[in-house]
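Position in the sequence shown counted from 1, then plus 1234, gives you our numbering.
A virtual CB, placed ideally from N, CA and C, is assigned to each residue, including glycine.
Worksheet for the structure shown next.
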Amino acid sequence: MPKPRRTYPGFFKSEPSPQGQAFIDCISGVLQGQFECVPLFQTQDKIHVYFVGSASKYGLLIEPVEHTSEDPGVFVSDVAFWCDLYGSGITLCAEMTSHSWDAWLAASQSGDKSLIEGPTGKRNKARDQLSADYGVNRDRITVSCGPASETPEALLGVSVQKLSELIHDYGHRIQQVLPNALSAWVVPSDEMRTLEITIVDSDGSETTSEAEVPDSYGVYLQNESPFLLSNIAIKAGGFGTVDDEHWQRPTRQFRCFLEPKELLQIDTLDAGDLDFVNWYYLTASPPKANSRTFECLVRGQTLADHPFEQIEGLEKKGYKMPLEPARDAGQSP
């Protein structure tokens, strides 16, 4: 099975026409917000397939190699988006054909090298203007959503059966690396504050002193795997006792996705918050695989029990916190 070589779809690297923007808006609408792509598969014909994931949904992007148009200097690019998230055997397909003008292609066809040998700014301006003028009347996008039995058997040279297999395989591979693919970090801020600390001796006497402590602590979630982890739900809260009264930190719920090797801040704790138990439930839902929920507890009394290490990509040190299978994702610990 050939491995993917492109790291990102070529279509998204160029300025889209109005039709191209409509194509991106379609994907964003289906995935319900911001999304990212990672290479998944390459066919023998160099057709690239990408996994596309957001905070709540996913799909596949198919992109063959671009080819030249009959008109001088013009490349034609095809791209398709496919997903089967609607249940009852319903799939959505969006296909886009776009055109772009290229100075080097035009020079090789006409022999006129004045533009490619001239200033870069002038060449880029000509490229953008000619691409816009040409593509606005020729670019096309089509969208269909219906029973899988009525959709084409293949999209841009890749069978729908193969696309289904790729989704299942990707989800299974993600499930195999959880929870090791995820790390939680508690990172002290560079800013410090002075706190008064009262120590009660065994005889009941009290001693008060001052100590410099970090002003705040960032809580981070890190994806240490090469996979795009989409559809992650996070539930966070805290509890403790203040003057013999039970205290609850307001519960928050949100969703996110993590690109390969990405580090994402999910919370900020005040220095005083570490007097209490701060809890986080993370539910990861790989494509076509069972969801798994993990919990992480952060409290000041036990921070020093965890490794204090350099964090790759952050240029800071932090406490690496364990992620354990959740006991009950519906209640605080």
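Original post:
Three-state secondary structure (DSSP) at residue 1536?
Top reply: Residue 1536: helix per DSSP, three-state reduction.
Original post:
Can you name, in chain order, every residue of its own chain whose Cβ lies under 7 Å from the Cβ of residue 1335, other than the five neighbours on each side?
Top reply: Contacts found: 1307, 1308, 1361, 1364, 1365, 1368.
Subject >> 8 Å CB neighbourhood of residue 1385 in its chain, flanking five on each side removed >> reply: So the qualifying residues of the chain are 1325, 1327, 1378, 1394.
Original post:
Where does residue 1558 fall in DSSP's three states?
Top reply: In the structure shown, residue 1558 sits in a strand (DSSP, three-state: E or B).
Original post:
Does the count of Cβ pairs from the region 1534-1549 and the region 1478-1490 closer than 8 Å reach three?
Top reply: As far as the Cβ criterion goes, the region 1534-1549 does not touch the region 1478-1490, which means the pair count is below three.
**OP:** Kindly indicate which three-state DSSP category residue 1307 falls into: helix, strand or coil?
**Re:** Secondary structure of residue 1307 (DSSP, three-state): coil.
Subject >> residue 1371 (DSSP reduced to helix, strand or coil) >> reply: For residue 1371, the secondary structure class from DSSP, reduced to helix, strand or coil, is coil.
Subject >> Distance between beta carbons of residue 1474 and residue 1447, contact taken as under 8 Å >> reply: Rounded, the Cβ-Cβ distance is 17 Å, inconsistent with contact.
Original post:
Within the chosen definition, does the region 1439-1457 reach the region 1411-1427 through at least 3 CB pairs nearer than 8 Å?
Top reply: Contact holds: three or more Cβ-Cβ distances are below 8 Å.
Original post:
Between residue 1517 and residue 1318, what straight-line distance do the alpha-carbon atoms span, to the nearest angstrom?
Top reply: Rounded to whole angstroms, the separation of the alpha carbons of residue 1318 and residue 1517 is 21 Å.
Subject >> Which of helix, strand or coil DSSP assigns to residue 1358 >> reply: In this structure, residue 1358 counts as helix in the three-state DSSP scheme.
Original post:
Helix or strand or just coil, what does DSSP make of residue 1504?
Top reply: When DSSP states are grouped into helix, strand and coil, residue 1504 belongs to the strand group.
Original post:
Which runs of the alpha helix (DSSP H) fall wholly inside the region 1425-1470 and span at least 4 residues, in chain order?
Top reply: For the region 1425-1470, there is no continuous alpha helix (DSSP H) assignment of 4+ residues that stays within its boundaries.
Original post:
Based on the DSSP secondary-structure assignment, which residues constitute the bridge partners of residue 1385?
Top reply: In the DSSP assignment, residue 1385 is bridged to no other residue.
Original post:
Taking the DSSP output, what are the residues bridged to residue 1341?
Top reply: The partner list for residue 1341 (beta bridge, DSSP) is empty, contrary to what the question assumes.
**OP:** Go through its chain and collect everything with a Cβ distance to residue 1253's Cβ below 6 Å, but skip five positions before and after it.
**Re:** Hits under 6 Å: 1373, 1375.
Subject >> Environment of residue 1371 [buried if 16+ CB atoms lie within 10 Å] >> reply: So residue 1371 ends up on the exposed side.
Original post:
For residue 1507, is the classification buried or exposed, using 16 other Cβ atoms within 10 angstroms of its Cβ as the cut-off for buried?
Top reply: By the C-beta density criterion, residue 1507 is buried, having at least 16 other C-beta atoms within 10 angstroms.
Original post:
Going by beta carbon distance, what residues of the same chain come within less than 8 Å of residue 1398, once the five residues before and after it are set aside?
Top reply: Correct list, in chain order: 1318.
Subject >> Best match in 1534, 1528, 1532 for proximity to residue 1557 [C-alpha to C-alpha] >> reply: Nearest of 1534, 1528, 1532 to residue 1557, Cα basis: 1528.
Original post:
Which residues does DSSP pair with residue 1509 in a beta bridge?
Top reply: Its beta-bridge partners do not exist; DSSP assigns none.
Original post:
For residue 1310, which residues of its own chain have a beta-carbon under 8 Å away from its beta-carbon, when the five flanking residues on both sides are left out?
Top reply: Within the same chain, residue 1310 has close Cβ partners 1300, 1301, 1302, 1303, 1331, 1332, 1333.
Subject >> Own chain, CB closer than 7 Å to residue 1430, minus 5 neighbours either side, in chain order >> reply: Spatial neighbours of residue 1430 in its own chain (CB-CB distance under 7 Å, excluding positions within 5 residues in sequence) are listed in chain order as 1442, 1444.
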